[in-house]
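Residue 87 is where the sequence shown starts when you use my numbering, and the numbers rise one by one after that. A quick write-up on the structure given underneath.
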Amino acid sequence: MKIIQPKSRPEISENAKLSKIYSQFENLITVLNGIGLPDNIKETINASIEQLNSASKDNLLKKTKKEQVKIVKLIEKQLKIVPINHYRNTWMALGMVVFGLPLGIAFGTILDNIGLLGIGLPIGMVIGLAVGTGMDKKAKEEGRQLNIEVSY
């Protein structure tokens with residue numbers, strides 16, 4: 087079983103943002119076709135592509151992003167395969183929330199100036215980037231990384 091390709095549409099070239107997202111989606115499907123995926127995952131991906139192919143022109147950008155995120159999450163959860171910099175992007179936000187805010191609150195209360203809350207955010211971001219980059223490096227060494235970077 088092969089993964090079907092999204093149908094090409096003439097209205098895509100009219101919108102630069104849509105063109106970028108749609109070509110990224112097509113590249114993702116091409117990369118996924120190149121690796122051996124189980125049939126049940128291919129069926130799920132094909133269903134997503136069918137929904138995208140039936141989408142109207144008005145909500146094509148939103149639908150393309152939604153289906154792309156859905157496919158990337160499916161591949162990550164089922165097969166532990168991720169795109170380039172996936173963990174870095176995820177952990178950057180997590181680092182700011184999990185590490186940065188508590189550090190900022192600690193600095194603010196210790197120095198009795200809650201205005202220092204924002205100081206923890208860049209510290210948390212750096213911690214998150216370090217953790218995420220390490221996880222991306224490990225995924226690459228284990229051969230669990232797709233040869234494509236997905237931006238949302």
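All C-beta atoms in this analysis are idealised placements derived from N, C-alpha and C, irrespective of residue type, glycine included. Note that the coordinates shown come from a computational prediction; the quantities given were computed from them, not determined experimentally.
{"Check": "Where N171 falls: helix, strand or coil (DSSP)", "Outcome": "coil"}
{"Check": "Between the CA atoms of G220 and S142 - distance to the nearest angstrom", "Outcome": "41 Å"}
{"Check": "Residues sharing a beta bridge with E235, DSSP", "Outcome": "I170"}
{"Check": "Check whether I107 and T176 have beta carbons under 8 Å apart", "Outcome": "no"}
{"Check": "Residue environment, E129, which counts as buried when at least 16 other CB atoms sit within 10 Å", "Outcome": "exposed"}
{"Check": "Cβ-Cβ separation, V236 to V158 (assumed contact under 8 Å), whole Å", "Outcome": "6 Å"}
{"Check": "Test item: CB-CB of E112 and S134 under 8 Å", "Outcome": "no"}
{"Check": "CA nearest to the CA of I90, picked from P96, T116, L104, E162", "Outcome": "T116"}
{"Check": "D222 burial status per 10 Å Cβ neighbour count (16 or more: buried)", "Outcome": "buried"}
{"Check": "Q231 vs I170 beta-carbon contact at 8 Å", "Outcome": "yes"}
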